[in-house]
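**Q** For reference, the structure I am asking about is given below.
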Amino acid sequence: MKLQFKLLLLSLIFVMCSNILLAESSLYTNAISVLPSSIAQIHFKKFKQLDVEKLIGKATLVEKNKHYYEMDGFKYSLEITYNRDVVSELSYTFVRNKPVLINLKFKIDTSKLVPYPNAGPAAGRYFLLSDSGVEMIIDPLSKTIYSIRLK
Amino acid sequence: MKLFFIFILLIYSLSSFAHEDLPVQGCVDIVQIFKAPYLIKLEEHLEWFGASNDNIAKAPCKALKSPSSNEVKNYIDYRAKISPAKWYMPFQTINGVKFKNESSNLIEAFKKLTTSKDLFGIYPADKDQVNFQEKYNINPECEKVRCAIEKIWGEELGNKILYTLLRHNFNTSEFAFANSDRLKVEELDDVLMGLDDLPKALIPLGTKEGQKLSHFSRGYTLKSNGPGVMANAVVMLFDGWSDAPRIQRQYALFHELSHNISYHFGELHSSPQWLELSGWIKKGDNWSKNEKACFASKYGFTNPAEDWAESVSAFRYNGAGFKKNCPAKFEYIKKYAFKGIDYTSSESCHVIVD
Chain A
1 MKLQFKLLLL SLIFVMCSNI LLAESSLYTN AISVLPSSIA QIHFKKFKQL DVEKLIGKAT
61 LVEKNKHYYE MDGFKYSLEI TYNRDVVSEL SYTFVRNKPV LINLKFKIDT SKLVPYPNAG
121 PAAGRYFLLS DSGVEMIIDP LSKTIYSIRL K
Chain B
1001 MKLFFIFILL IYSLSSFAHE DLPVQGCVDI VQIFKAPYLI KLEEHLEWFG ASNDNIAKAP
1061 CKALKSPSSN EVKNYIDYRA KISPAKWYMP FQTINGVKFK NESSNLIEAF KKLTTSKDLF
1121 GIYPADKDQV NFQEKYNINP ECEKVRCAIE KIWGEELGNK ILYTLLRHNF NTSEFAFANS
1181 DRLKVEELDD VLMGLDDLPK ALIPLGTKEG QKLSHFSRGY TLKSNGPGVM ANAVVMLFDG
1241 WSDAPRIQRQ YALFHELSHN ISYHFGELHS SPQWLELSGW IKKGDNWSKN EKACFASKYG
1301 FTNPAEDWAE SVSAFRYNGA GFKKNCPAKF EYIKKYAFKG IDYTSSESCH VIVD
């Protein structure tokens, strides 16, 4: 009986922890799923600069550890930050084919959106959804995703 | 032992369910605000905006009053009549209310005004849906949309809410979006005056589904807003907007409409030409600009979207000043957003361009 109780307790802790991890990773998984395929293939926190360049070529602009890519004529659609040669942050702004919220396989919890940036008395062209190192900026007028940051 | 595993499975399934993305309409990230002295701040920092109170009041072709009750009712009747005969519905029930021999245009409008969506108007919010027959006892006395609208909002406000949707495609109903409150007649008048400051070619500006333009829950604002925020581009109007002088309410509303003008023409504020005019470059989440570029106001420094909205507001309410200070931006807006019309004089007041 004592052993069964311990097993039950351990199982409960396992179940709770795994669900917390699942919940935390859901926005990350969703964010990856909407990125263009070439960028989604960049293994975040694993890929080195050489791996990235093999995939998407050399950056248009390099400033210290930040590499910027001009895409679709937009400066700069992609920012990759390296820490000791490994991708530590990635920020992508959609220029064309912005993901339309209502067509996505997942649902944005709009009650968690906050104005972005918090700039002034009439702020709020864009709204931010953030969770565990993922920042998703939403454009509520076009009802699309404007940009994604992974860190 | 079997019971033990069944128990574990039950706990697991329950806890998994708890993490699904359920809509939480009534639980938005809001905070109650204090009545802060932001009105004084607005006066002190008027150069924060692209036009002064005096500019706005004296702007050519400025709407000086909202449409009269007769104008509003005549327009609704006109829209009802232009429904093709076959689109007159013999019987239709919308959100609990039965209508008989009613115009499909008005039925559609009633549906938009009374069907609940989330705060941003993106997803349906079925659990917040009101049964209007139960709440307002509309049938059998009323079988027409205007009668039902008047029972819900009263004669003047109800007709103006219906007019705003039919004429401008903006939905001002507090029932249509979560965390919204009813507009007052005087507030809706300012909304209509702001909308009437648009050139005729840009009416209707709202989207076909009836774009949100509602008052956020009174006494509350979005958590990260701070008490000074008047409105946003969604369009949400906050207490800061309600408490401001009427001329500033109309300006703030037009600023938000300017974001919608950009969207209407395929995101003009993100076009390479617009970005080039101020040297806007985005690095990660940060925008940088050419420090020598011309801006309509300090608020325009924020990012290209606010630069656009402030420039369009200055174009509308301080046309001559904006043309003199920022001729390239003036010409861009005139060409791409206002179809060749400008407001440096009253010559364009009655010009209608398709």
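Order-wise, the sequence lines are chains A and B. Residue 106 in the working numbering sits at position 106 of the first sequence; the count goes up by one each step and never skips. The working numbering runs 1000 ahead of the 1-based position in the second sequence. Even for Gly, the Cβ is constructed at its ideal location relative to N, Cα and C.
Does A:Ile-145 come within less than 8 Å of chain B when only Cβ atoms are used?
**A** For the purposes of this step, residue 145 of chain A is identified with residue 145 of the first sequence, where counting begins at 1. By the rule that beta-carbons nearer than 8 Å mark a contact, A:Ile-145 does not touch chain B.
**Q** Grouping DSSP H, G and I as helix and E and B as strand, with all else coil, what is B:Ala-1051?
**A** One-based indexing of the second sequence puts residue 1051 of chain B at position 51. Of the three classes helix, strand and coil, the one that applies to B:Ala-1051 here is coil, per DSSP.
**Q** Closer than 8 Å, CB to CB, is A:Leu-101 near chain B or not?
**A** Counting from 1 along the first sequence, the entry for residue 101 of chain A is found at position 101. A:Leu-101 counts as touching chain B.
**Q** Pairing CB atoms from the segment 1171 to 1183 of chain B with CB atoms from the segment 1313 to 1320 of chain B, are three or more of them under 8 Å?
**A** Touching, no.
**Q** Using the three-state DSSP reduction, which class does A:Val-134 fall into: helix, strand or coil?
**A** Position 134 of the first sequence holds residue 134 of chain A. Note: A:Val-134 maps to strand in three-state DSSP.
**Q** For B:Cys-1061, collect the residues of the same chain with a Cβ closer than 7 Å to its Cβ; drop the 5 residues on either side in sequence, then sort them by chain order.
**A** Position 61 of the second sequence, counted from the first residue, corresponds to residue 1061 of chain B. Tyr-1343, Ser-1346, Ser-1348 and Cys-1349.
**Q** Which residues, in chain order, does the segment 1285 to 1310 of chain B contribute to contact with chain E at a C-beta distance below 8 Å?
**A** Included in the structure are the protein chains A and B, with no chain E among them.
**Q** Do you know whose CA, among A:Asp-109, A:Leu-50, A:Lys-58 and A:Tyr-126, lies nearest A:Thr-30's CA?
**A** As a working note, residue 30 of chain A is residue 30 in the first sequence. The sequence shown places Asn at residue 30 of chain A, rather than the Thr named in the question. Ranked by Cα distance from A:Asn-30, the options A:Asp-109, A:Leu-50, A:Lys-58 and A:Tyr-126 are led by A:Asp-109.
**Q** Check the Cβ-Cβ distances between B:Pro-1037 and every residue of chain A, and say whether any is below 8 Å.
**A** On the second sequence, position 37 is the one that residue 1037 of chain B refers to. Because B:Pro-1037 sits at a pLDDT of 35, beneath the cut-off of 50, its placement in the model cannot be relied upon, and the following sentence gives the value as read from the coordinates. No - not a single Cβ of chain A is within 8 Å of the one on B:Pro-1037.
**Q** Under 7 Å Cβ-Cβ, which residues of chain B neighbour A:Pro-140?
**A** Working through the first sequence from its first residue, we reach residue 140 of chain A at position 140. Per Cβ cutoff of 7 Å: Phe-1120 and Val-1234.
**Q** Indicate whether at least one CB of chain A lies closer than 8 Å to the CB of B:Asn-1169.
**A** In the second sequence, counting from the first residue as 1, residue 1169 of chain B sits at position 169. Interface criterion not met: the Cβ of B:Asn-1169 is under 8 Å from no Cβ in chain A.
**Q** Measuring alpha carbon to alpha carbon, tell me which residue in B:Ser-1297, B:Lys-1151 and B:Val-1130 is nearest B:Cys-1142.
**A** Mapped onto the second sequence, residue 1142 of chain B falls at position 142. Cα-wise, what sits closest to B:Cys-1142 is B:Lys-1151.
**Q** Could you tell me whether any Cβ in chain B is nearer than 8 Å to the Cβ of A:Thr-60?
**A** Reading the first sequence from its first residue, position 60 is the one you call residue 60 of chain A. No, A:Thr-60 lies away from the interface with chain B (no Cβ there is under 8 Å from its Cβ).
**Q** Measure the C-alpha to C-alpha separation of B:Phe-1301 and A:Tyr-116 and round it to an integer number of angstroms.
**A** Counted from its first residue, the second sequence places residue 1301 of chain B at position 301. Counted from its first residue, the first sequence places residue 116 of chain A at position 116. Rounded to the nearest angstrom, the two C-alpha atoms are 15 Å apart.
**Q** Scan the segment 1214 to 1231 of chain B for residues whose Cβ lies nearer than 9 Å to a Cβ of chain A and list them as they occur along the chain.
**A** Leu-1222, Lys-1223, Ser-1224, Asn-1225, Gly-1226, Gly-1228, Val-1229, Met-1230 and Ala-1231
**Q** Specify whether the segment 1204 to 1216 of chain B and the segment 1229 to 1238 of chain B touch according to this definition: at least 3 beta carbon pairs, one from each stretch, less than 8 Å apart.
**A** Touching, yes, given that three or more Cβ pairs across the two stretches are closer than 8 Å.
**Q** How should B:Asp-1190 be labelled, buried or exposed, when 16 other C-beta atoms within 10 angstroms of its C-beta is the threshold for buried?
**A** As a first step, residue 1190 of chain B must be located in the second sequence, where it is residue number 190. Label assigned to B:Asp-1190: buried.
**Q** Hey, which unbroken runs of the alpha helix (DSSP H) at 4 residues or more fall wholly within the segment 1229 to 1313 of chain B?
**A** Runs of the alpha helix (DSSP H) inside the segment 1229 to 1313 of chain B: 1239 to 1242, 1246 to 1264 and 1272 to 1278.
**Q** Are any of the Cβ atoms in chain A nearer than 8 Å to that of B:Lys-1282?
**A** Here the question's residue 1282 of chain B lines up with position 282 in the second sequence. Answer yes: the Cβ-Cβ gap between B:Lys-1282 and chain A drops below 8 Å somewhere.
**Q** Less than 8 Å between CB atoms is the rule here; does A:Lys-2 satisfy it with respect to chain B?
**A** Along the first sequence, read from residue 1 onward, the residue named residue 2 of chain A stands at position 2. So, not an interface residue.
**Q** Starting from the C-beta of B:Cys-1326, find all residues in its chain whose C-beta is less than 6 Å away, skip the five residues before and the five after it, and write them out in chain order.
**A** For this step, residue 1326 of chain B is matched to residue 326 along the second sequence. Closer than 6 Å at Cβ, skipping near neighbours: Cys-1294.
**Q** Do the segment 1053 to 1068 of chain B and the segment 1244 to 1252 of chain B meet, that is, are 3 or more Cβ pairs less than 8 Å apart?
**A** With a cut-off of 8 Å, the segment 1244 to 1252 of chain B and the segment 1053 to 1068 of chain B count as touching, because enough Cβ pairs lie within range.
**Q** How long is the line joining the alpha carbons of A:Leu-78 and B:Trp-1287, rounded to whole angstroms?
**A** Counted from its first residue, the first sequence places residue 78 of chain A at position 78. Counted from its first residue, the second sequence places residue 1287 of chain B at position 287. Answer to the nearest angstrom: the Cα atoms are 13 Å apart.
**Q** Let me make sure I understand the geometry here. Which of A:Tyr-126, A:Val-134 and A:Asn-103 has the alpha-carbon closest to that of B:Tyr-1123?
**A** Reading the second sequence from its first residue, position 123 is the one you call residue 1123 of chain B. Closest by alpha carbon: A:Asn-103.
**Q** Which residue marks the beginning of the beta strand (DSSP E) containing B:Phe-1091, and which one marks its end?
**A** If you number the second sequence from 1, residue 1091 of chain B lands on position 91. Residue range 1088 to 1094 is occupied by the beta strand (DSSP E) that includes B:Phe-1091.
**Q** Closest to A:Ser-132 by C-alpha separation, out of A:Ile-145, A:Arg-149, A:Tyr-126 and A:Asp-139, would be which residue?
**A** Here residue 132 of chain A refers to the residue found at position 132 when the first sequence is read from its first residue. Ranking A:Ile-145, A:Arg-149, A:Tyr-126 and A:Asp-139 by Cα distance to A:Ser-132 puts A:Arg-149 first.
**Q** Which residues share a DSSP beta bridge with B:Glu-1150?
**A** Looking up residue 1150 of chain B in the second sequence gives position 150. DSSP output for B:Glu-1150 lists no bridge partner at all.
**Q** On the three-state DSSP scale, how would you describe A:Ser-60?
**A** As a first step, residue 60 of chain A is located in the first sequence; it is residue number 60 there, counting from the start. Looking at the sequence itself, residue 60 of chain A is Thr, so the reference to Ser does not match. It is coil, neither helix nor strand.
**Q** Got a sec, what are the start and stop residues for the alpha helix (DSSP H) B:Val-1370 sits in?
**A** Absent from the structure is residue 1370 of chain B, since the part of chain B shown begins at 1001 and ends at 1354.
**Q** Taking only beta-carbon positions, decide if A:Tyr-76 is within less than 8 Å of chain B.
**A** As a position in the first sequence, residue 76 of chain A is number 76, starting the count at 1. It does: the Cβ of A:Tyr-76 has a partner Cβ on chain B nearer than 8 Å.
**Q** Across the segment 1069 to 1088 of chain B and the segment 1253 to 1273 of chain B, are there enough close Cβ pairs to call them in contact, namely three or more that are closer than 8 Å?
**A** no
**Q** Comparing C-alpha positions only, which one of B:Asn-1101, B:Ser-1066 and B:Phe-1265 sits nearest to B:Ser-1083?
**A** For the purposes of this step, residue 1083 of chain B is taken as residue 83 along the second sequence, with counting starting at 1. For the set B:Asn-1101, B:Ser-1066 and B:Phe-1265, the Cα lying nearest the Cα of B:Ser-1083 is the one of B:Asn-1101.
**Q** Considering B:Asn-1325, what are the terminal residues of the beta strand (DSSP E) in which it resides?
**A** Here residue 1325 of chain B corresponds to residue number 325 of the second sequence, with the count starting at 1. Counting along the chain, B:Asn-1325 falls outside any beta strand (DSSP E), though it belongs to the alpha helix (DSSP H) covering 1319 to 1325.
**Q** Looking only at its own chain, which residues have a Cβ that is under 7 Å from the Cβ of B:Ile-1076, when we skip the five neighbours before and after it?
**A** For the purposes of this step, residue 1076 of chain B is taken as residue 76 along the second sequence, with counting starting at 1. Correct list, in chain order: Arg-1146, Asn-1159, Leu-1162, Tyr-1163 and Leu-1166.
**Q** May I ask you to check if the CB of B:Ile-1261 is nearer than 7 Å to at least one heavy atom of the ligand SAH?
**A** No copy of the ligand SAH occurs in the structure displayed, which carries no ligand at all.
**Q** Consult DSSP for B:Ile-1341 and reduce its assignment to one of helix, strand or coil.
**A** Locating residue 1341 of chain B in the second sequence gives position 341, counting from the first residue. The answer is coil: DSSP assigns B:Ile-1341 none of H, G, I, E or B.
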